[in-house]
Amino acid sequence: MLTVFLQFLFSGLTIGAVYALVGIGFNIIYNSTSIINLAQGEFVVIGGLLMWFFSESLKLPFFAAVLCTLISSGLVGLLIERLTIKPLKNPDLLLMIMITISVSIVLRGVLMFLFGKEPYVYPPFTEGEPINIYGAIIQQQTLWVISITLFCIILLFLFFKRTITGKAMLACAVNPTAAKLAGVNVSKMVMLSFILSAIVGAIGGMTITPISLMEYDKGPMLSVKGFCAAIMGGLGSNRGAVIGGFIIGILESMTAGYVHSGLKDAVALVILLLILFFKPSGIFITKSMSQLRKF
Amino acid sequence: MYGVINLLSIKGVFKNFGGLAALQNVNLNVRQGEIKALIGPNGAGKTTLLNIISGIHRLDKGEILFKDEKINNLPPSKIANKGISRTFQHVELFGNMTVLENIMVGFYARNKTSFFMDGFKFSFITDSEKKIYKKSREFLEYVKLGHKINEIALNLPIGEQRILEIARALATEPGLILLDEPAAGLNIRETRELGEIIKRIREELGITILLVEHDMELVMNISDSVAVLNFGEIIADGTPMEVQKNRDVIVAYLGEEEEVQPGYNVNT
Amino acid sequence: MKKEDFMVFIVFFIFVGLLPLFIESNYALTIGIFSGINALVAIGLCILMGYAGQVSLGQAGFYGIGAYVSSILSVYYGFPVILGILSAMIVSAIAAVVLAVPALRLKGHYLAVATLGFGEIIYVILNEWGPGGPSGFGDIPHFNIAGYSIQTTKESFYFIWIIVAIVMLYSINLTKSNTGRILRAMHDSDTACEAIGINVPLLKIKVFILSALYASLAGSLYSHYVTFISPSSFSLFYSILILMMVIVGGSKNLWGAVAGAIVITVLPELLRKFQELDILVYGFILTLTLMFFRKGLVPIISEKIKNVRGYKFAKH
Amino acid sequence: MKKAGAVFVLIVLGLASVFLFLQNAEAKEPYKIGAVFAVTGPASFLGEPEKNTALMLQEQINKAGGINGHPLEIIIEDTKSDETQAVLSAKKLLENDKVLAIIGPSTTGESMALVPIMNNAKTPLISCAAGAPITMPVKERYWIFKTPQYDTSAVEAIYGYMKKQGISKVGIITISTGFGDAGRKALHDMAPKYGITITADEKYGPKDSDMTTQLTKIKASGARAVINWSVGPGQVIVTKNWSALKMGIPLYQSHGWGSKKNIELAGKAAEGVIAPLGRLVVWDKLPDKHPQKALLKKYTQDYEAKYKGEPGTFGGHAYDSIMMIVEALKKVGPDKKKIRDYIETKIKKWPGTGGIFNMSPEDHCGLDKTAFEMVVVKNGDWEILK
């Protein structure tokens, strides 16, 4: 019994870690612009596919491939912000979200054109037998995904709490005018948040591809799940996104295990709706915090 | 003095916000037809009290009677329908609608139409629309906004926005209007005009007014009675003259040993 | 409703009504049929979002309920089609209440996710328990009334667009009336609405119901036209598509919803020649349209027309 | 300026599309056939090889002088794996292009959506989807044929093999799409006939990233074998999870497994996976005298030369459909009714990629379980099981 339960749990953690990383990506952009970037899932796909390209197709050594992937994903983020977000002064938020959707369509088109429709995979970061805990197994790559996720949150936490740039980015969303008056270069911060968010997405893509494969149209599903994770935890809270991601992942896995695998997505969503019903701004965001923000 | 009937009675009201006592045993009466001012330092609980009367916050203990009917903890719209209308400290207009439309919405409370049936009224302009339109124009003339009916509310200067908000509150044909700092952000001339309008509302329309205000000149000029709220408690309640001389009030506002000069705006 | 609104309405629908006289191709008319069906859903969302300010990513859920309930009733229980459609609308209205009551407390992104969750739950239910599961089911009867079955493309075109016209007339009337004004007021300030005696929660529930009724009707019409349905037509992507229509057309204007529905339905057909690259071209056109027609197509075009007119007047 | 630029780009794109839209008007009396494939969208794993096959065949046939001198024109429309788009595609082909017949669509749902349209237009359709309701009841599917084997045939092949191996308890795991669902139904329907009990019935979404939970549940249910019914990345992930879990029971895949790409993606994990595959995938392992061998060899080699990849079972469906119509055109000319009649009555003992077809007024598919070979993955290659 324990073995089975543990196995379900590990599976949930594997699934949840991905959602968590996407959720964090949402938060980074949300925290500096209030925009929900629905092309976030595409950033993950870009990370996975570029990593394949650099490591398998160009045969670069591992760390060089990682670096190249991160840099080029960051560039994609930069490009998107400069081409679509920057030209619009004082835009309507819903319009911006729609633009991110249409950007995601373009990205999918480009990815399909470059990589075709088949899935890609490359070997896990460390080769070797899965780890056995009380008879339940956990793949080494899963441990990589989880530890890299946690590492990302810690880094981001330090960045937003300890550095001037980080604090300035947070200020931009709450009140852009005030931030501008305080000498913050808002436009630069928004650009930075897109770059950062694209990189975080790419990190997610790089780490999960060996487990779940990657193909050009995996983005929308990842966006939706990551969005749910971010909302469950409370928009803007990275800790919330991670916990939200893991909760959804584990819920899906436990539902599949103990209830019925066909219903796993629905059960996770029902729980999300229930949470929103009792805490309308997510687990980690209080009502007064959410009232600071228009959205 | 105006009347002796209590239009609104607040009896022993308590309100806590997360352990912080915002109101403690507040008792207050507003008589039919008077202009009553509620003053007090920042954070004394004035706006909280207005929010409780108008149903935005629920009270923890006590009761509120309007026309001898208990209204505490009813939803805001029910309270408004019973005849209590209000304005807000931070003007809450329908910013993207025209001045006229703002007023027309205000008439809704007295001219309810059925949501789903509205789509079936296939005349170009219904009679009730015409009536509302006419009345709204009259109202705007009354508050001297007649020349701006087609402007977008957000584009009005703040003084006119405040007046528009009051006019919208009037459109619901209330028995009592709660005004939350109507003079905030207005210059002296605008404040005087506002004072005139408030007086006319009481005198010509016979509407009772409960006013939260920091501008002492305005308060002393137009109020029939003044209540002072400090740290969630009523510390004085009487005519403007009485209150100005009340020692507790002076202490609350200025600390020991000083006098309030009439017309001194505490907030500035 | 003002006279000029009515004139626009008359001119537009006369134009639509004349189309089949000039268009021989059933293919083009079929695009018209799907445009009309999408327009119904978009009009509902436009009232919900553009007027009342409530974002919904769950319209596909109501659309799906409409399609499935009326099809199930007519295929498995022998209901007359019209009765099936009405029953589906009742079910959708109930579902709308179930969604709206808890969602009342939510705003902005949170409301978007809650409605998205609702739509996805409906999708999973259709996938899991709908007849035929993910494979869907077919042989659904065409719309018929009093023994007359509407089958040919031309008949279907007229049938769908007459319904769109009725719904549009009702909606224009509604939005130009007292109710419409109150909805716009609610968009600007909930608090102020409450303060002048408007029961905001109840009003929100009613708007949700209205948009659900439109979507449900559209779903039923879809299923009785295509005669085959499977859950994949009612997924989140449809909700997003509808949202896109409303935004592209101009969310503050009902004609925007209709125009958006037509544009978004016709565009992929025009792009067929780009073969697989159509997704790329489609994405680019969409992005550019959103960026440069920010208020939506209809408001910007009507402004242009007004400007031209004003210019002419000034000259004379 | 910026605005003007964007408007300009929009106008150019618009004009370009309108131009292209109008352009495809006339050619010199070619035989036009339409093809509706799910070239993009979730079912693109089907539509892609089908499209490639159609383009290749068109080129080959025209190079060889066409059909009785008439060039063959195959007009391909993308359905984006969506029923509404399938309907529009078919209408376009019928109305604008006036095609003689339509090949496809790729999925059962899309095919079902076209049934009434084809019946109304009195034009034959040869579907590339497997679902039984596409051609049954035959009376109401007068104009509809299909080339893929029934799902039940693939299931029977698996169950038959299991019976020989003495396996009677299986756990099934299926993808929650039309493809997986059709397989799931067939697995349930055929089980009693082969004395097989299904101990666990699990599902997963098309974009799920981990199926360990479902497999763990199957293992705990006491199943003696796992059957996975899916296409796309899901089947590779299941294979990897199955191998990582060291489940100790064999994994069977559906006929969707038939692509070397899958072995490549799953790597070592794929060793020992068993699947019922059409002979197309294992043509090089067939005896020379097998009636399908020559045709399979040519098709596969041509395809690989042109597209640097395998056609897989699904490309073969398009091959069979097109070749049937081409043969009919050759014999009876451009007459829709005659084409239909020819296919219904004259396609007998007809070797295609999917098997030996025997169409009849009672059966518009014409294949049975003998169309499949049981194949195991060994040392990164296929091996036919006896």
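Those protein sequence lines, which keep their order, are chains A, B, C and D. So that you can map any letter, position 243 of the first sequence is 243 in this note's numbering, and since no number is skipped, the others follow by simple counting. So that you can map any letter, position 96 of the second sequence is 96 in this note's numbering, and since no number is skipped, the others follow by simple counting. So that you can map any letter, position 263 of the third sequence is 263 in this note's numbering, and since no number is skipped, the others follow by simple counting. So that you can map any letter, position 148 of the fourth sequence is 148 in this note's numbering, and since no number is skipped, the others follow by simple counting. Positions of the beta carbon are idealized from the N, C-alpha and C atoms, including for glycine. Predicted model only: the values in this text are computed from it and were never measured.
Coarse secondary structure for residue i, derived from DSSP in three states
i      : result
D:P276 : strand
D:Y31  : strand
D:V99  : coil
D:H70  : strand
D:E373 : strand
C:R294 : coil
B:L23  : strand
D:L125 : strand
D:D201 : strand
B:S225 : strand
B:R31  : strand
D:D78  : strand
D:K43  : Residue identity differs from the one stated: residue 43 of chain D is Ala in this sequence, not Lys. Correct three-state label for D:A43: coil.
B:I64  : strand
Through-space distance from residue j to residue i, alpha-carbon basis
i      : j      : result
D:I198 : A:L6   : 25 angstroms
D:A305 : A:F113 : 21 angstroms
B:L49  : B:M97  : 30 angstroms
C:M7   : C:F159 : 22 angstroms
D:A220 : A:V4   : 8 angstroms
A:Q140 : D:L280 : 37 angstroms
A:G41  : D:G256 : 27 angstroms
D:K346 : D:M359 : 8 angstroms
A:V270 : A:L222 : 18 angstroms
A:K264 : D:N228 : 18 angstroms
D:K63  : D:T53  : 15 angstroms
C:D5   : B:I209 : 42 angstroms
C:P76  : D:P124 : For clarity, residue 76 of chain C is Tyr in the given sequence; the question names Pro instead. Roughly 29 angstroms separates the two Cα atoms.
B:I56  : A:A268 : 34 angstroms
B:E289 : B:I10  : It is not possible to answer for residue 289 of chain B, since the shown part of chain B is limited to 1 through 268.
A:L156 : A:A230 : 15 angstroms
C:T227 : B:I79  : 52 angstroms
D:L100 : D:K349 : 25 angstroms
D:M190 : D:K297 : 33 angstroms
Residue(s) in a DSSP beta bridge with residue i
i      : result
D:A225 : D:V170
D:Y252 : D:I227 and D:I274
B:T208 : B:L176
D:W382 : D:V377
B:G238 : B:V226
D:F145 : D:I126
D:I356 : D:P351
B:A37  : B:L211 and B:V226
Contacts that residue i makes with chain G (C-beta to C-beta distance below 7 angstroms)
i      : result
C:P141 : The structure shown contains no chain G; its protein chains are A, B, C and D.
Residues near residue i by beta carbon distance below 7 angstroms, same chain, minus five either side
i      : result
B:I5   : R31 and Q32
C:V91  : I65 and V69
D:P351 : P291, Q292 and L295
D:N24  : Bear in mind that the predicted position of D:N24 carries a pLDDT of just 47, short of 50, making it unreliable; the figure below should be weighed with that in mind. Cβ neighbours of D:N24 beyond the five flanking positions: none.
Own chain partners of residue i with C-beta closer than 8 angstroms, once the 5 adjacent residues on each side are dropped
i      : result
D:L55  : I74 and I76
B:K296 : Nothing about residue 296 of chain B can be reported from this structure: the residues present for chain B run from 1 to 268 only.
A:I304 : No information on residue 304 of chain A is available, as it lies outside the stretch 1 to 295 that chain A covers here.
Beta-carbon contacts of residue i that lie in its chain and below 6 angstroms, excluding the five residues immediately before and after
i      : result
A:K351 : Here chain A has residues from 1 to 295 only, and residue 351 of chain A is not among them.
B:E233 : Q24
Would you list, in sequence order, the uninterrupted alpha helix (DSSP H) runs of no fewer than 4 residues that lie entirely inside the segment 160-241 of chain A?
164-174, 176-181, 186-212 and 219-233
Start-end ranges of the beta strand (DSSP E) lying completely within the segment 157-236 of chain C, minimum 3 residues
Runs found: none.
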